[in-house]
Amino acid sequence: MIDRRSLLVMTAAGLLLPGAARAAARIVRVTTLDREGPGSLKAALDEAGPRTIVFEVGGIIDLDKTTLKLTQPFVTVAGETAPDPGITLIRGGISVATHDVVIRHIAVRPGTAGMAKKSGFEPDGLTTTSAYNVVIDHCSLTWAVDEALSASGPRFGGATLEDWRRNTSHDIVFSNNIVANSLHDASHSKGPHSMGSLVHDNVTGVVITGNLYANNNERHPLVKGGGQAVVAGNVFANPGHTCAQYTLVEDQWTGRDKVAGKMILRGNVMRGGQDTRAGLAMLTFGGAGDLELHAAGNIATYADGSVAPIIGYYQARSDGYDEGGTYVPKAFIRSMPEPANLKLPANTERHVYTNAGSRPWSRDPIDAAIIAAAKAGTGRIIHSESEAGGYPVRPSTRRPFNPKTLLRVGGLE
13 MIDRRSLLVM TAAGLLLPGA ARAAARIVRV TTLDREGPGS LKAALDEAGP
63 RTIVFEVGGI IDLDKTTLKL TQPFVTVAGE TAPDPGITLI RGGISVATHD
113 VVIRHIAVRP GTAGMAKKSG FEPDGLTTTS AYNVVIDHCS LTWAVDEALS
163 ASGPRFGGAT LEDWRRNTSH DIVFSNNIVA NSLHDASHSK GPHSMGSLVH
213 DNVTGVVITG NLYANNNERH PLVKGGGQAV VAGNVFANPG HTCAQYTLVE
263 DQWTGRDKVA GKMILRGNVM RGGQDTRAGL AMLTFGGAGD LELHAAGNIA
313 TYADGSVAPI IGYYQARSDG YDEGGTYVPK AFIRSMPEPA NLKLPANTER
363 HVYTNAGSRP WSRDPIDAAI IAAAKAGTGR IIHSESEAGG YPVRPSTRRP
413 FNPKTLLRVG GLE
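Given below as structure tokens:
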């Protein structure tokens with residue numbers, strides 16, 4: 013379940029490039045906060061070849077309702093090199109559709125960009141699409157209208173299960189991020205939304221660790237049919253209707269053999285809050301496909317301090333009840349053995365509150381407020397970025413790139 017590559021990536025984010033590519037990687041400098049053009053982040057992402065993107069400018073990049081699309085592989089986006097206040101993207105998000113990518117210490121805050129409710133403006137914070145060998149580490153992803161941070165792609169690309177897994181996203185790490193305040197009743201065409209992370213059907217090799225999920229209504233994460241994920245050492249603060257989830261949606265698999273999912277749920281902490289549904293479990297299971305699960309060392313409580321269950325079940329319309337009124341799921345949880353070599357901090361909450369998010373040594377007011385509310389149990393699900401103070405307004409700053417800043421955080425290089 014935890015393969016060698018995922019363990020390497022989880023413990024040493026930034027070492028994805030093969031040795032020769034790392035040696036050949038060149039420095040590309042971002043020198044403007046303009047959305048596009050020479051010296052912009054977009055121009056740096058669009059370049060080809062092994063490269064490390066560094067920042068000689070700090071401040072706000074307004075994407076003006078567009079998405080930065082990364083299609084050229086072998087790149088590290090080193091947001092820690094920016095001068096304070098760091099780099100924040102607003103009114104748009106990032107799409108990763110390539111391989112061997114590290115993105116760290118960037119804040120992505122899409123918001124509604126002034127669009128009306130149900131208008132169809134539905135930006136993700138950051139999503140991977142048919143990508144692999146990707147690390148998203150120490151980023152802050154707030155005010156998404158669709159998902160905040162997800163691994164996705166086609167469900168059934170090819171003829172075999174191996175094809176499906178190869179042709180969608182795989183070998184993805186989401187570590188030490190803040191995934192918070194996804195907007196609920198906002199500009200999504202479906203109406204109320206507020207989603208954290210989606211691990212789409214047949215996406216495998218996903219490691220989700222050290223993250224703070226706060227004030228999202230659902231998906232911390234949602235792992236769909238045949239997906240495989242390690243969900244370990246995270247904090248879930250004030251989940252709304254659903255916290256972590258696994259489900260294979262039957263009508264999305266019509267004509268295909270169902271594939272069991274796999275999940276390790278280890279060392280996580282759920283703290284129910286003001287928006288948490290009564291009776292909510294840390295992991296909700298249902299649908300039409302089995303799940304192989306190892307669950308251990310998790311802590312779950314409600315806002316009043318009472319103990320919450322770790323495992324719960326969907327009361328799905330496609331499932332049924334026996335004559336005595338007992339819920340009978342269509343699919344079943346099967347126990348997996350304890351994983352080897354999964355190392356977690358002694359105190360999950362202390363670790364996450366200290367380390368999660370972009371630039372924890374110099375947090376911006378938005379992240380600081382999210383963490384303070386999570387600790388105090390006062391966070392709320394919101395419908396607009398205006399409820400969290402609105403889009404930040406910060407001066408642009410400049411500083412020549414210093415190679416030593418690439419080594420500042422956690423020994424990353």
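For the working numbering, add 12 to where a residue sits in the sequence shown, where the first one is 1. Just so it is clear, CB atoms sit at the ideal spot from N, CA and C, and this is done for glycine as well. Just so it is clear, the structure is predicted and the values come from calculations on it, not from any experiment.
Proximity to residue i [Cα-Cα], best of the options
{"i": "Leu75", "options": "Val69, Pro85, Ser181, Leu45", "result": "Leu45"}
{"i": "Ser164", "options": "Gly237, Ala94, Asn229", "result": "Gly237"}
{"i": "His111", "options": "Gly61, Ile220, Gly70", "result": "Gly61"}
{"i": "Gly91", "options": "His150, Lys54, Ala125", "result": "His150"}
{"i": "Ile99", "options": "Gly222, Leu80, Gly71", "result": "Gly71"}
{"i": "Asn228", "options": "Ala109, Val89, Arg283, Arg103", "result": "Arg283"}
{"i": "Ser374", "options": "Pro97, Thr180, Ala109", "result": "Pro97"}
{"i": "Gly391", "options": "Ala55, Ala160, Ser194", "result": "Ser194"}
{"i": "Met294", "options": "Ala312, Arg178, Lys81", "result": "Ala312"}
{"i": "Ala55", "options": "Leu80, Gly104, Ala36, Glu68", "result": "Leu80"}
{"i": "Arg289", "options": "Tyr144, Pro166, Ala249", "result": "Ala249"}
{"i": "Asp136", "options": "Asp302, Gly105, Ile322", "result": "Gly105"}
{"i": "Leu418", "options": "His117, Ala36, Arg47", "result": "His117"}
{"i": "Ala109", "options": "Val69, Arg103, Leu57, Arg47", "result": "Leu57"}
Within 7 angstroms, strictly: CB atoms of residue i and residue j
{"i": "Ile276", "j": "His232", "result": "no"}
{"i": "Val157", "j": "Ala198", "result": "yes"}
{"i": "Ile115", "j": "Asp379", "result": "no"}
{"i": "Glu262", "j": "Ala300", "result": "yes"}
{"i": "Ser209", "j": "Ser162", "result": "yes"}
{"i": "Thr139", "j": "Ser187", "result": "no"}
{"i": "Arg63", "j": "Val42", "result": "no"}
{"i": "Leu224", "j": "Val364", "result": "yes"}
{"i": "Ala192", "j": "Ala241", "result": "no"}
{"i": "Val211", "j": "Val247", "result": "no"}
{"i": "Leu101", "j": "Val89", "result": "no"}
{"i": "Gly389", "j": "Ala320", "result": "no"}
{"i": "Ile323", "j": "His196", "result": "no"}
Outcome for residue i when other beta-carbon atoms lying within 10 angstroms are tallied against a minimum of 16
{"i": "Gln257", "result": "buried"}
{"i": "Trp176", "result": "buried"}
{"i": "Leu292", "result": "buried"}
{"i": "Arg329", "result": "Model confidence at Arg329 stands at a pLDDT of 41, short of 50, so the residue's coordinates are unreliable; what they give is reported in the following sentence. With fewer than 16 Cβ atoms within 10 Å of its Cβ, Arg329 is classed as exposed."}
{"i": "Ala400", "result": "buried"}
{"i": "Gly267", "result": "exposed"}
{"i": "Trp265", "result": "buried"}
{"i": "Thr221", "result": "buried"}
{"i": "Arg38", "result": "exposed"}
{"i": "Ser206", "result": "buried"}
{"i": "Thr83", "result": "exposed"}
{"i": "Glu159", "result": "buried"}
{"i": "Gly170", "result": "exposed"}
{"i": "Leu260", "result": "buried"}
Alpha carbon of residue i to alpha carbon of residue j, nearest angstrom
{"i": "Trp155", "j": "Ala94", "result": "22 angstroms"}
{"i": "Asn414", "j": "Val40", "result": "13 angstroms"}
{"i": "Val66", "j": "His253", "result": "40 angstroms"}
{"i": "Gly402", "j": "His395", "result": "12 angstroms"}
{"i": "Ile382", "j": "Pro404", "result": "15 angstroms"}
{"i": "Ala385", "j": "Lys77", "result": "29 angstroms"}
{"i": "Asn310", "j": "Gly279", "result": "5 angstroms"}
{"i": "Gly51", "j": "Asp213", "result": "38 angstroms"}
{"i": "Arg465", "j": "Leu53", "result": "The requested residue 465 is not part of the displayed model; the chain covers only 13 to 425."}
{"i": "Leu354", "j": "Gly49", "result": "44 angstroms"}
{"i": "Gly239", "j": "Val215", "result": "5 angstroms"}
{"i": "Glu304", "j": "Lys416", "result": "44 angstroms"}
{"i": "Ala125", "j": "Ser398", "result": "11 angstroms"}
{"i": "Asp326", "j": "Gly298", "result": "Correcting the residue type first, residue 326 is Tyr in the shown sequence and not Asp. When rounded, the distance between both Cα atoms is 5 angstroms."}
{"i": "Lys387", "j": "Asp269", "result": "44 angstroms"}
{"i": "Asp334", "j": "Lys342", "result": "Because Asp334 carries a pLDDT of 48, less than 50, the predicted location of this residue cannot be relied on, and no value is offered for it."}
{"i": "Phe442", "j": "Val146", "result": "Because the chain in this structure spans residues 13 to 425, residue 442 falls outside the shown range and cannot be described."}
{"i": "Thr180", "j": "Pro85", "result": "16 angstroms"}
{"i": "Ala308", "j": "Asn359", "result": "15 angstroms"}
{"i": "Arg178", "j": "Gly317", "result": "43 angstroms"}
{"i": "Gly245", "j": "Val219", "result": "11 angstroms"}
{"i": "Pro357", "j": "Thr296", "result": "25 angstroms"}
{"i": "Ile73", "j": "Pro122", "result": "11 angstroms"}
{"i": "Ile345", "j": "Asp287", "result": "28 angstroms"}
Between the region 199-216 and the region 125-133, are three or more C-beta pairs nearer than 8 angstroms? Counting Cβ pairs under 8 angstroms, three or more are found: they touch.
Count Cβ pairs between the region 135-154 and the region 364-373 that sit closer than 8 angstroms; are there 3 or more? The region 135-154, when compared against the region 364-373, does touch it at the 8 angstroms Cβ threshold.
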